[in-house]
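Trainee:
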Amino acid sequence: MVGNKILLLSPHTDDAELGCGATIAKLIRQGKTVYYAAFSACEQSVIEGFPQDILIHEVKEATAELGIVAENLFLYRYEVRTFNYRRQEILDDLIQLRETLKPDTVLMPCLHDIHQDHKTMAEEALRAFKFCNVFCYELPWNNLNFNTASFEVVSEEDAQCKVNALSKYKSQAHRPYANEEFLRSQLRMRGVQVSRRYAEVFEVIRMISE
Numbered sequence: 686m687v688g689n690k691i692l693l694l695s696p697h698t699d700d701a702e703l704g705c706g707a708t709i710a711k712l713i714r715q716g717k718t719v720y721y722a723a724f725s726a727c728e729q730s731v732i733e734g735f736p737q738d739i740l741i742h743e744v745k746e747a748t749a750e751l752g753i754v755a756e757n758l759f760l761y762r763y764e765v766r767t768f769n770y771r772r773q774e775i776l777d778d779l780i781q782l783r784e785t786l787k788p789d790t791v792l793m794p795c796l797h798d799i800h801q802d803h804k805t806m807a808e809e810a811l812r813a814f815k816f817c818n819v820f821c822y823e824l825p826w827n828n829l830n831f832n833t834a835s836f837e838v839v840s841e842e843d844a845q846c847k848v849n850a851l852s853k854y855k856s857q858a859h860r861p862y863a864n865e866e867f868l869r870s871q872l873r874m875r876g877v878q879v880s881r882r883y884a885e886v887f888e889v890i891r892m893i894s895e
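For the sequence shown, the numbering used here begins at 686 and goes up steadily by one.
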C-alpha cells in the first residue's frame, strides 16, 4: 500500500474492517500510521436486544484488535441512510480530516457501491482527497462492478486479526457475511487470483508516484 499515513473511511462502523481488515492489520504491523473515521454507528437500525449505542463500543474494540490506537479513531453520528441529504456537512468533515491528518493514502468504499451511504461517502471523499492516493475496498454484496486492479497479499496472522476484529461486532453477527467462513473464503478467493494464500483487493482511483 502506498504511503505511510493511511486514512480509512468507513460509512458505518465495521465497513472498513469488512473491506480491508487484514490489510489494516498488515499496515500497522509494518509500522504505518493508520487513522479510522466512521461516520455512522447506525443507532436507528440496531436490532432488538442491544443498546442503541452498541456499535460505538464495538468499533472501539474492533479497531483496537487491529492495532489502531484510540486517538486515531474518529466517530461521527450521522443517521444511517441519510448521507445523501447531508453531503455538504460530510464533505466539510472530510476536508477537516484532510487538513488535520494530511494522509498520504485514503481507503474508501467503491464509487459504484449501491448502498446510498457508501456511494455518497465515496463521492464526497474523492472531492476532498483528490490530491491523495485513493483506493476503494471491496464489499461484494454491495458492488455490482468492481475493478480488481490492486491486490494486497496478507498473511495468516493478518487474516486471523480481521476475523478477531469483526467478532467484536456481536450486534452484527446475524449478517450473512459476518462470519469466519465467509471472511476467509473471500481472502482465499482473492489470494488464488494472484497465486497466494490470502489477499484483499482494491480499485485504484488515484495513485501518485514521486
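Glycine included, every Cβ here is placed at the ideal spot set by N, Cα and C.
Fair warning: this is a prediction, and the values are worked out from it, not measured in the lab.
Measuring CB to CB, does residue 841 end up less than 8 Å from residue 686?
Mentor: Translated into positions along the sequence shown, residue 841 becomes position 156. Translated into positions along the sequence shown, residue 686 becomes position 1. No, they are not a contact pair.
Trainee: In chain order, what residues of the same chain have a beta carbon less than 8 Å from the beta carbon of residue 764, not counting five sequence neighbours either side?
Mentor: Residue 764 sits at position 79 when you count from the first residue of the sequence shown. Around residue 764: 725, 728, 729.
Trainee: Have a look at the DSSP bridge pairing and note the partners of residue 818.
Mentor: Residue numbering aside, residue 818 sits at position 133 when the sequence shown is read from its first letter. 790.
Trainee: Residue ranges of each beta strand (DSSP E) run of no fewer than 3 residues wholly in the region 811-884, ordered along the chain?
Mentor: Within the region 811-884, the complete beta strand (DSSP E) runs of at least 3 residues are 818-822, 835-839.
Trainee: Smallest Cα separation from residue 821: which of 845, 702, 733, 794?
Mentor: Mapped onto the sequence shown, residue 821 falls at position 136. Here the closest residue by C-alpha is 794.
Trainee: Is the beta carbon of residue 779 closer than 8 Å to that of residue 651?
Mentor: In the structure as shown, the chain starts at 686 and stops at 895, and residue 651 therefore has no counterpart that could be examined.
Trainee: Rounding to the nearest angstrom, what Cα-Cα distance links residue 835 and residue 736 in this structure?
Mentor: Indexing the sequence shown from 1 puts residue 835 at position 150. Indexing the sequence shown from 1 puts residue 736 at position 51. Approximately 39 Å, taken between the alpha carbons.
Trainee: Assuming residue 703 contacts residue 824 under a Cβ cut-off of 8 Å, what Cβ separation, rounded to an integer in Å, is found between them?
Mentor: Here the question's residue 703 lines up with position 18 in the sequence shown. Here the question's residue 824 lines up with position 139 in the sequence shown. Contact flag correct, Cβ pair sits at about 6 Å.
Trainee: Assign residue 726 to one of three DSSP states: helix, strand, or coil.
Mentor: Here residue 726 corresponds to residue number 41 of the sequence shown, with the count starting at 1. In this structure, residue 726 counts as coil in the three-state DSSP scheme.
Trainee: Go ahead and pull the three-state DSSP assignment for residue 714.
Mentor: Working through the sequence shown from its first residue, we reach residue 714 at position 29. Residue 714 falls in the helix class under three-state DSSP.
Trainee: Please confirm whether residue 798 and residue 769 have their CB atoms less than 8 Å apart.
Mentor: On the sequence shown, residue 798 is found 113 positions in, with the first residue counted as 1. On the sequence shown, residue 769 is found 84 positions in, with the first residue counted as 1. No. Outside cutoff.
Trainee: Can you list, in chain order, the residues of its chain whose CB lies under 6 Å from that of residue 748, leaving out five sequence neighbours each side?
Mentor: Along the sequence shown, one-based indexing puts residue 748 at 63. So the list reads 721, 758, once near-sequence residues are dropped.
Trainee: What does DSSP give as the partner residues of residue 798 in its beta bridges?
Mentor: For the purposes of this step, residue 798 is identified with residue 113 of the sequence shown, where counting begins at 1. Answer is 828, bridged to residue 798.
Trainee: Are residue 886 and residue 865 touching if we call contact CB-CB under 8 Å?
Mentor: In the sequence shown, the residue the question calls residue 886 occupies position 201. In the sequence shown, the residue the question calls residue 865 occupies position 180. In this structure, residue 865 does not lie closer than 8 Å to residue 886 by Cβ.
Trainee: Along the beta strand (DSSP E) that carries residue 739, what are the first and last residues, could you check?
Mentor: Along the sequence shown, read from residue 1 onward, the residue named residue 739 stands at position 54. First-last for residue 739: 739-751, but that is the alpha helix (DSSP H), not the beta strand (DSSP E).
Trainee: In the DSSP assignment, find the unbroken beta strand (DSSP E) run with residue 695 in it and report its ends.
Mentor: For the purposes of this step, residue 695 is identified with residue 10 of the sequence shown, where counting begins at 1. It spans 690-697 - the beta strand (DSSP E) in which residue 695 sits, taken as one unbroken run.
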